[in-house]
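Enquirer: This is the structure I have questions about; it appears just below.
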Amino acid sequence: EDVSGPLALWAGNESWPKDVEAMRTTNPAEACIFVFSLRPKEGAKSRNELKWMNLPYWGEGNGLNHVFIDRSDHRSFMENRADEYGRAALAVSQSWDIHFVPGLDVALCLRAKLWNPTLLALKELPVWERKYLLTFKGSMTHKTRMLASYHGDPSRGVFIYTNPVFHQCQAATSINHPFTGAGGAKQVGPLHADCCHRTRVIYNRFDYMDLMNSTFALVIPGRAPASYRLAEVAASGAIPVFYGFDNARRPYDELIDWHRFSFSVPLGADWENQFIPFLERVRNDHERLARMQAEFKEVGELYLADHDVAATHRAVIETMRRRFEFSGRRARRNLAEGIADFVRRVARPSSGAWSTRRHAP
4 EDVSGPLALW AGNESWPKDV EAMRTTNPAE ACIFVFSLRP KEGAKSRNEL KWMNLPYWGE
64 GNGLNHVFID RSDHRSFMEN RADEYGRAAL AVSQSWDIHF VPGLDVALCL RAKLWNPTLL
124 ALKELPVWER KYLLTFKGSM THKTRMLASY HGDPSRGVFI YTNPVFHQCQ AATSINHPFT
184 GAGGAKQVGP LHADCCHRTR VIYNRFDYMD LMNSTFALVI PGRAPASYRL AEVAASGAIP
244 VFYGFDNARR PYDELIDWHR FSFSVPLGAD WENQFIPFLE RVRNDHERLA RMQAEFKEVG
304 ELYLADHDVA ATHRAVIETM RRRFEFSGRR ARRNLAEGIA DFVRRVARPS SGAWSTRRHA
364 P
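The opening position of the sequence shown corresponds to residue 4 in my numbering, with each subsequent residue numbered one higher.
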């Protein structure tokens, strides 16, 4: 069908990007999809609590053509999606391959937590002129972050620091003051408490904004594959390096050709002998880096580095628009063009004796 007109019925009062306003309708009869943007606390509730099945157009399709956008990084009931979401599409941060349905779900990028002039000023600095080669600083919310920290090498400009989160160390601050819970029971052993303290001391030596002055910036899963990190990397203008995405989807992978301006490191990579030397070589290729930085800046401003929800909504709707367009007129056009091209190739005589006439009945 022609999808140049309205695409979605938008439910909610959040901002709608002006450049896709033409695809919005308030008439359900014109809508191809029904879009709902969940508030953070709503994403943690079950469908029974929210009564999604009572939505006016949920119908016998059990949520078909409904899209839920959940911009938090908590568990979004992906394991029980058939019970919780029916046949609805999920635009979520929990884009692990085991639960993600390609062609239906959308892998989100979370909004940046840090958005200030210092971060934005870095965007104009050429990446090959920056202070560090590769950096990361963040909480140890996923085991991949701990693995990455083993590869830090300040002598080569690689600074990777992680900090145990509260439930790993609780309130332990030193070997003499472990955390004690109800009834005085020690929640963390003395050795663990001392280790947490020393880790925090090292972690706090380095300023997050200073570490963003880097040619390359690691993007590692946190509580979900999507984290606040990617939007902050986009805002700073560094080149993203994905690590730990072997079994996860990168954000908006139907819209963004990540291979053009980012790198991806498998978990089993040899950092010391292969990956870090590779980054050092790329850092000297100024022409390549300038192209990557410019393209990532354009994509980041459009889909990633927003301080409101407009970019998220734009990316989700554009993904849906392309899907509808492909399954409709574009699919038929491509099929027609493919048949015509096949007929031309068969009808074109090749060298020697082969021609269509020879095979005519």
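Glycine included, C-beta positions come from ideal geometry on N, C-alpha and C.
Where do the N-terminal and C-terminal ends of the alpha helix (DSSP H) with residue 122 fall, by residue?
Expert: Along the sequence shown, read from residue 1 onward, the residue named residue 122 stands at position 119. 120-124 is the span of the alpha helix (DSSP H), which, as asked, contains residue 122.
Enquirer: Can you check whether the CB of residue 135 is closer than 7 Å to the CB of residue 217?
Expert: Position 214 of the sequence shown, counted from the first residue, corresponds to residue 217. Position 132 of the sequence shown, counted from the first residue, corresponds to residue 135. Yes, the pair counts as a contact, with Cβ atoms nearer than the cut-off.
Enquirer: Starting from the C-beta of residue 148, find all residues in its chain whose C-beta is less than 7 Å away, skip the five residues before and the five after it, and write them out in chain order.
Expert: On the sequence shown, residue 148 is found 145 positions in, with the first residue counted as 1. Only 141, 165, 223 meet the Cβ criterion.
Enquirer: Quick one: is residue 365 buried, meaning 16 or more other Cβ sit within 10 Å of its Cβ, or exposed?
Expert: Shown here, the chain extends from 4 to 364; a query on residue 365 therefore has no answer.
Enquirer: For a quick check, are the C-beta atoms of residue 144 and residue 226 less than 7 Å apart?
Expert: As a first step, residue 144 is located in the sequence shown; it is residue number 141 there, counting from the start. As a first step, residue 226 is located in the sequence shown; it is residue number 223 there, counting from the start. Yes, the pair counts as a contact, with Cβ atoms nearer than the cut-off.
Enquirer: Which residue comes first and which comes last in the beta strand (DSSP E) that contains residue 280?
Expert: Along the sequence shown, read from residue 1 onward, the residue named residue 280 stands at position 277. Not the beta strand (DSSP E): residue 280 falls in the alpha helix (DSSP H), residues 279-286.
Enquirer: Please determine if the region 98-113 and the region 241-253 are in contact, where contact requires at least 3 C-beta pairs separated by less than 8 Å.
Expert: With the cut-off at 8 Å, the region 98-113 and the region 241-253 touch.
Enquirer: If you measure between the beta carbons of residue 245 and residue 230, is that distance less than 7 Å?
Expert: The sequence position of residue 245 within the sequence shown is 242, counting from 1. The sequence position of residue 230 within the sequence shown is 227, counting from 1. Against a cut-off of 7 Å, the Cβ pair of residue 230 and residue 245 comes out as no contact.
Enquirer: Tell me whether the beta-carbon of residue 94 lies closer than 7 Å to the beta-carbon of residue 109.
Expert: One-based indexing of the sequence shown puts residue 94 at position 91. One-based indexing of the sequence shown puts residue 109 at position 106. In this structure, residue 109 lies closer than 7 Å to residue 94 by Cβ.
Enquirer: Would you say the region 259-273 touches the region 113-123, given that touching needs at least three Cβ pairs under 8 Å?
Expert: No contact exists between the region 259-273 and the region 113-123.
Enquirer: Roughly how many angstroms separate the alpha carbons of residue 67 and residue 302, rounded to a whole number?
Expert: Counting from 1 along the sequence shown, the entry for residue 67 is found at position 64. Counting from 1 along the sequence shown, the entry for residue 302 is found at position 299. Roughly 30 Å between the two C-alpha positions.
Enquirer: Going by DSSP in three states, residue 202 sits in which element: helix, strand or coil?
Expert: The residue given as residue 202 occupies position 199 in the sequence shown. Three-state result, residue 202: helix.
Enquirer: Taking the beta strand (DSSP E) that residue 315 belongs to, which residues open and close that run?
Expert: Translated into positions along the sequence shown, residue 315 becomes position 312. Unbroken run through residue 315 is the alpha helix (DSSP H), 313-328; no beta strand (DSSP E).
Enquirer: Output the distance between the C-alpha atoms of residue 232 and residue 56, rounded to the nearest integer angstrom.
Expert: Sequence index remark: in the sequence shown, residue 232 carries index 229 (1-based). Sequence index remark: in the sequence shown, residue 56 carries index 53 (1-based). So the two alpha carbons sit approximately 34 Å from each other.
Enquirer: Verify whether the separation of the beta carbon atoms of residue 365 and residue 236 is less than 7 Å.
Expert: With the chain represented from 4 up to 364, any question about residue 365 goes unanswered, as that position is not in the structure.
Enquirer: For the putative contact between residue 313 and residue 20, defined by C-beta atoms under 8 Å, what is the C-beta separation to the nearest angstrom?
Expert: Position 310 of the sequence shown, counting from 1, holds the residue named residue 313. Position 17 of the sequence shown, counting from 1, holds the residue named residue 20. Correct: roughly 5 Å between the Cβ atoms.
Enquirer: What distance in whole Å lies between the Cβ atoms of residue 248 and residue 295, which are believed to be in contact at a cut-off of 8 Å?
Expert: For the purposes of this step, residue 295 is taken as residue 292 along the sequence shown, with counting starting at 1. For the purposes of this step, residue 248 is taken as residue 245 along the sequence shown, with counting starting at 1. Not really, about 18 Å apart at Cβ, beyond 8 Å.
Enquirer: Could you check the C-alpha separation between residue 70 and residue 259 for me, to the nearest Å?
Expert: Residue numbering aside, residue 70 sits at position 67 when the sequence shown is read from its first letter. Residue numbering aside, residue 259 sits at position 256 when the sequence shown is read from its first letter. So the two alpha carbons sit approximately 20 Å from each other.
Enquirer: Assuming residue 113 contacts residue 73 (C-beta within less than 8 Å), just tell me the rounded distance between them.
Expert: In the sequence shown, residue 113 corresponds to position 110, counting from 1. In the sequence shown, residue 73 corresponds to position 70, counting from 1. Actually they do not touch by this definition, with Cβ atoms about 10 Å apart.
Enquirer: Please classify residue 293 as buried or exposed, where buried requires at least 16 other C-beta atoms within 10 Å of its C-beta.
Expert: Taking the first residue of the sequence shown as 1, we reach residue 293 at position 290. Exposed: under 16 other Cβ atoms inside 10 Å.
Enquirer: Under a Cβ-count criterion, where at least 16 other Cβ atoms within 10 Å of its own Cβ denotes burial, should residue 210 be classed as buried or exposed?
Expert: Taking the first residue of the sequence shown as position 1, residue 210 is located at position 207. Looking at its Cβ environment, which holds fewer than 16 other Cβ atoms inside 10 Å, residue 210 is exposed.
Enquirer: Would you say residue 123 and residue 238 are within 7 Å of each other, going by their C-beta atoms?
Expert: Residue mapping note: residue 123 aligns to position 120 of the sequence shown, counting from 1. Residue mapping note: residue 238 aligns to position 235 of the sequence shown, counting from 1. Their beta carbons are under 7 Å apart, which means residue 123 touches residue 238 by this criterion.
Enquirer: Is residue 92 closer than 7 Å to residue 111 when the C-beta atoms are compared?
Expert: Translated into positions along the sequence shown, residue 111 becomes position 108. Translated into positions along the sequence shown, residue 92 becomes position 89. Contact flag unset, no.
Enquirer: As a quick exercise: from 28, 206, 201, 127, pick the residue whose alpha carbon is nearest that of residue 155.
Expert: The sequence position of residue 155 within the sequence shown is 152, counting from 1. If we check each option's Cα against that of residue 155, 206 comes out closest.
Enquirer: Check for me: the alpha helix (DSSP H) holding residue 289 runs from which residue to which?
Expert: By one-based count along the sequence shown, residue 289 stands at place 286. Segment 289-302, the alpha helix (DSSP H) holding residue 289.
Enquirer: Can you check DSSP and say which residues form a bridge with residue 73?
Expert: On the sequence shown, residue 73 is found 70 positions in, with the first residue counted as 1. Paired residue(s): 41.
Enquirer: Would you decide whether residue 96 is buried or exposed? Buried here means 16 or more other CB atoms lie within 10 Å of its CB.
Expert: For the purposes of this step, residue 96 is taken as residue 93 along the sequence shown, with counting starting at 1. When all chains shown are included, residue 96 counts as buried.
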